[in-house]
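Undergrad: Pasting a structure below so you can have a look.
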Amino acid sequence: MTASVCVVITARNASATIAQAVSSALDQPEVAEVVVVDDASTDATGPAAREAAKGDARLTVLRNDTNLGPSAGRNRAIAASQSPYIAILDADDYLLPGRFQSLFAISDWEMIADNIAFVPERLASQPLSGVPTADTHIRKLDLATFAVGNLQRSGRGDRGELGFLKPVLSRDFLTRHGLRFNEDLWLGEDFDLYVRMLAAGARFLVSHRCGYVALVREGSLSGRHRTGDLAALMAACEENLRNPDMDAGARTALQQHLAEIRVRWLLRRFLDEKAQNGLSAALAFALNPPANFPPIFSGVLRDKLRAYRPQPSLPPEVRLLLSGKG
Numbered sequence: 002m003t004a005s006v007c008v009v010i011t012a013r014n015a016s017a018t019i020a021q022a023v024s025s026a027l028d029q030p031e032v033a034e035v036v037v038v039d040d041a042s043t044d045a046t047g048p049a050a051r052e053a054a055k056g057d058a059r060l061t062v063l064r065n066d067t068n069l070g071p072s073a074g075r076n077r078a079i080a081a082s083q084s085p086y087i088a089i090l091d092a093d094d095y096l097l098p099g100r101f102q103s104l105f106a107i108s109d110w111e112m113i114a115d116n117i118a119f120v121p122e123r124l125a126s127q128p129l130s131g132v133p134t135a136d137t138h139i140r141k142l143d144l145a146t147f148a149v150g151n152l153q154r155s156g157r158g159d160r161g162e163l164g165f166l167k168p169v170l171s172r173d174f175l176t177r178h179g180l181r182f183n184e185d186l187w188l189g190e191d192f193d194l195y196v197r198m199l200a201a202g203a204r205f206l207v208s209h210r211c212g213y214v215a216l217v218r219e220g221s222l223s224g225r226h227r228t229g230d231l232a233a234l235m236a237a238c239e240e241n242l243r244n245p246d247m248d249a250g251a252r253t254a255l256q257q258h259l260a261e262i263r264v265r266w267l268l269r270r271f272l273d274e275k276a277q278n279g280l281s282a283a284l285a286f287a288l289n290p291p292a293n294f295p296p297i298f299s300g301v302l303r304d305k306l307r308a309y310r311p312q313p314s315l316p317p318e319v320r321l322l323l324s325g326k327g
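One rule links them: number in our numbering = place in the sequence shown (from 1) + 1.
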């Protein structure tokens, strides 16, 4: 097919990884544009991106004078590009050869994603092996299935990860439905957009073939979210639940997702209150109303137990987001 994809990369202080991200995108024949938004980096992110392109005219580097966050950067890149399909690539990730060729061999979608290999930082320089680059299994996600795939998994202490998928998006669908990334969100912005696309009727297909590699950094802050970020994500979830046309299964799953975010927000608010105003003020918050106390107590206890439990600093090996045929 002709080149028809714009790869969008928002980056802040990513000079160590941006070259691999840019090169992996430009190596794909289906890519017509790569737009890097340098989100007020204080390092050489922009120059490193340009150097990686080696004069390839498909690369555009835009710079924000202030740090505006991933959603604003992505929206700026979408506005500055024209290709009919949009693919998001994080600045410390990269694409595997043949990714778009494989995805575009599949028809009838407005969103299409593939498997993600999570690679520990210590293995980043080693050849990637053992990932399914020939798996032809395809599944369709509706809104309820997608939302359930982001909930806490019973007995495992973690949550589903379907929100981490990086689908190719139809620009026409986004434009017709007036959809863009929510610039109030610095957390969960991908999940929020996918929910709104699915609620608007987008067909979301997922291939088990692996075409996207995500680097897992030691000491990553991805699980340590700011209180305000969680509050903004709660507000976005509440807004999505106001959709009167949402089916019962999707509504139930999104309500449960909202409840899980609220538990995380309550714990962060409690810890903020303790740090800023002391334990007495934090306990007053935890008991007003009394329903706040159980999730806060459980969260504090979980964190205390985790501190005494040996924790590997990095996953021992490459891990796939999707496994099996589920």
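Just so it is clear, CB atoms sit at the ideal spot from N, CA and C, and this is done for glycine as well.
Check whether the stretch 79-87 touches the stretch 134-154, counting contact only when three or more Cβ pairs, one atom from each stretch, lie closer than 8 angstroms.
TA: The stretch 79-87, when compared against the stretch 134-154, does not touch it at the 8 angstroms Cβ threshold.
Undergrad: When DSSP labels each residue in this structure, what does His258 get in the three-state scheme?
TA: For the purposes of this step, residue 258 is identified with residue 257 of the sequence shown, where counting begins at 1. In the structure shown, His258 sits in a helix (DSSP, three-state: H, G or I).
Undergrad: So which of Leu186, Val36, Val6 has the shortest CA-CA distance to Arg100?
TA: In the sequence shown, the residue the question calls residue 100 occupies position 99. Among Leu186, Val36, Val6, the Cα nearest to that of Arg100 belongs to Val6.
Undergrad: May I ask you to verify whether the stretch 57-65 touches the stretch 32-45, counting CB pairs closer than 8 angstroms and requiring at least 3?
TA: The stretch 57-65 is in contact with the stretch 32-45.
Undergrad: Quick check on Glu52: buried or exposed, where buried means 16 or more other Cβ atoms within 10 Å of its Cβ?
TA: Counting from 1 along the sequence shown, the entry for residue 52 is found at position 51. By the 10 Å Cβ count, Glu52 comes out exposed.
Undergrad: Under 8 angstroms by Cβ, that's how I've got Val169 and Ile113 pegged, so tell me the actual separation to the nearest angstrom.
TA: For the purposes of this step, residue 169 is taken as the residue at position 168 of the sequence shown. For the purposes of this step, residue 113 is taken as the residue at position 112 of the sequence shown. Right, the Cβ-Cβ distance comes to about 5 angstroms (below 8 angstroms), so this counts as a contact.
Undergrad: Quick check: the Cα distance between Leu321 and Tyr95, rounded to an integer number of angstroms?
TA: Start at 1 with the first residue of the sequence shown, and residue 321 comes out as number 320. Start at 1 with the first residue of the sequence shown, and residue 95 comes out as number 94. Each residue's alpha carbon lies about 15 angstroms from the other.
Undergrad: Check whether the Cβ of Thr176 lies closer than 6 angstroms to any heavy atom of the ligand ATP, and answer yes or no.
TA: Looking at this structure, you won't find the ligand ATP or any other ligand, since it has none at all.
Undergrad: Does the Cβ of Gln277 have 16 or more other Cβ atoms within 10 Å, making it buried, or fewer, making it exposed?
TA: For this step, residue 277 is matched to residue 276 along the sequence shown. So Gln277 ends up on the exposed side.
Undergrad: Would you mind sorting Lys55 into buried or exposed? The rule is 16 or more other CB atoms within 10 Å of its CB.
TA: If you number the sequence shown from 1, residue 55 lands on position 54. It counts as exposed.
Undergrad: Would you kindly check if the distance between the Cβ of Ala50 and the Cβ of Ile87 is under 7 angstroms?
TA: If you number the sequence shown from 1, residue 87 lands on position 86. If you number the sequence shown from 1, residue 50 lands on position 49. Cβ atoms of Ile87 and Ala50: not closer than 7 angstroms.
Undergrad: In terms of residue numbering, what span does the alpha helix (DSSP H) encompassing Met198 cover?
TA: On the sequence shown, residue 198 is found 197 positions in, with the first residue counted as 1. Here the alpha helix (DSSP H) through Met198 covers 190-200.
Undergrad: Would you kindly check if the distance between the Cβ of Leu234 and the Cβ of Leu144 is under 7 angstroms?
TA: Looking up residue 144 in the sequence shown gives position 143. Looking up residue 234 in the sequence shown gives position 233. Not in contact: Leu144 and Leu234 (Cβ atoms no closer than 7 angstroms).
Undergrad: Tell me the DSSP secondary structure of Ile10 in three-state form.
TA: For this step, residue 10 is matched to residue 9 along the sequence shown. Three-state DSSP puts Ile10 in a strand.
Undergrad: Any idea what DSSP makes of Phe105, helix, strand or coil?
TA: Against the sequence shown, residue 105 aligns to sequence position 104. Note: Phe105 maps to coil in three-state DSSP.
Undergrad: Can you check the stretch 40-117 for any beta strand (DSSP E) of at least 3 residues that lies completely inside it and give the ranges in chain order?
TA: Here the runs fully enclosed are 60-65, 86-89, 94-96.
Undergrad: Strictly by DSSP, which residues pair up with Leu27?
TA: The count along the sequence shown starts at 1 and reaches residue 27 at position 26. Leu27 is not bridged to any residue.
Undergrad: Name the DSSP beta bridge partners of Glu34, please?
TA: The residue you call residue 34 lines up with position 33 of the sequence shown. Answer is Cys7, bridged to Glu34.
Undergrad: Applying the 10 Å Cβ sphere with the 16-neighbour rule, what's the burial state of Ser171?
TA: Taking the sequence shown and counting its residues from 1, one reaches residue 171 at position 170. When all chains shown are included, Ser171 counts as buried.
Undergrad: Measure from the alpha carbon of Trp266 to the alpha carbon of each residue in Asp246, Ala249, Gly300, then state which is nearest.
TA: Position 265 of the sequence shown, counted from the first residue, corresponds to residue 266. Checking every option, the nearest Cα to that of Trp266 belongs to Gly300.
Undergrad: Give the secondary structure of Val215 by DSSP, where H, G and I count as helix, E and B as strand, and everything else as coil.
TA: On the sequence shown, position 214 is the one that residue 215 refers to. Just to set this straight, residue 215 is Ala in the shown sequence, not Val. DSSP places Ala215 in strand when its eight states are reduced to three.
Undergrad: Less than 7 angstroms between the beta carbons of Asp185 and Gly164, yes or no?
TA: Here residue 185 refers to the residue found at position 184 of the sequence shown. Here residue 164 refers to the residue found at position 163 of the sequence shown. No. Outside cutoff.
Undergrad: Verify whether the separation of the beta carbon atoms of Val149 and Ala236 is less than 7 angstroms.
TA: Taking the sequence shown and counting its residues from 1, one reaches residue 149 at position 148. Taking the sequence shown and counting its residues from 1, one reaches residue 236 at position 235. No. Outside cutoff.
Undergrad: On a Cα-Cα basis, can you pick out the residue from Ala17, Ser72, Val8, Leu216 that is closest to Glu318?
TA: To locate residue 318, count along the sequence shown from 1; it is residue 317. Closest option to Glu318, Cα to Cα, is Leu216.
Undergrad: Identify whether Ser299 lies in helix, strand or coil by the three-state DSSP scheme.
TA: Residue numbering aside, residue 299 sits at position 298 when the sequence shown is read from its first letter. DSSP places Ser299 in helix when its eight states are reduced to three.
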